[in-house]
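In the numbering used here, the protein residues as written are 223 to 532.
Built from N, CA and C at the ideal position, the CB exists for glycine as well.
Before any comments, here is the structure.
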Ligand code: BDR
Ligand code: CA
């Protein structure tokens, strides 16, 4: 059995990741919340609500860092809608845990030593803080799946930066230097695999409980992506990362490379710098992550349809 933590800033695509883990029978040991897409309290409510929609009613939710380590940041309700879930206004009677997310991550890393995988689909503040508190953490974590950054410097929050790394570039820098076993799924790879109008209509026509939730959750985001990001549909940054974690057959081209994040207060804040040369060229740094450059779209679509089949 595979053990996961989802570290998220719970908007629609983070929620879809919870749905997919559940559908594929993964053991979800915790959801940890970090600053990001919408208000912190809303993100907690969204996570509790999402867990109740699938078979994860008892999965604990641990609130983590409410702000980046050094910089200020902005939430992005214009992208995800006021609640973060488009047309849905979620609620839950359940309460989050009192324990801090960082403490929970460290404790779970001992409990499931060498087995725990972290889906880091949000700013990396919680993970960086956990590492700063316990430098041996990377030795006990099997894998960190990171949604963030860019492969070709095509950003979404600025021309060159992706949102998760832009929010807390200091945390991202720490995590990539910490020695975790990481796979990174960049924004400008993810946007090659949007859900186009035909696929959107196929999902609408499924008319299952979860497909109807999906359509309500993603309609606002879809409109934003078409109008502002000039995409032909909506992409699945977090969900694609989750699909890659669940099913290795989805990834096509990956490369191990050296990555560093710009944490300056400049036009390039949050930019991902990748040494695309072999390690004996200019920077001569060893690769510190695996980067996903392409995936098989038909597998992603099949997994989404399976996820929404009930
Ligand atoms: C990432 O930022 C958030 O808006 C999404 O949840 C995703 O994790 C995409 O840049
Ligand atoms: Ca996210």
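Backbone CA spacing between residue i and residue j [nearest angstrom]
i           : j           : result
residue 276 : residue 431 : 11 Å
residue 456 : residue 447 : 6 Å
residue 269 : residue 278 : 10 Å
residue 301 : residue 393 : 23 Å
residue 480 : residue 512 : 9 Å
residue 325 : residue 420 : 45 Å
residue 304 : residue 260 : 7 Å
residue 245 : residue 229 : 18 Å
residue 496 : residue 373 : 7 Å
residue 310 : residue 508 : 45 Å
residue 253 : residue 343 : 11 Å
residue 391 : residue 441 : 29 Å
residue 359 : residue 411 : 29 Å
Continuous alpha helix (DSSP H) stretch holding residue i: start and end
i           : result
residue 522 : 519-529
residue 384 : Neither: residue 384 is in no alpha helix (DSSP H) and is coded neither H nor E.
Heavy atom of ligand 2 within 8 Å of residue i beta-carbon
i           : result
residue 233 : yes
residue 290 : no
residue 406 : no
residue 240 : no
residue 344 : yes
residue 386 : yes
residue 371 : no
residue 510 : no
Burial state of residue i (16 or more Cβ within 10 Å)
i           : result
residue 498 : exposed
residue 450 : exposed
residue 531 : exposed
residue 327 : buried
Check: residue i C-beta below 8 Å from any heavy atom of ligand 1
i           : result
residue 286 : no
residue 459 : yes
residue 517 : no
residue 236 : yes
Where the beta strand (DSSP E) through residue i begins and ends
i           : result
residue 249 : 249-255
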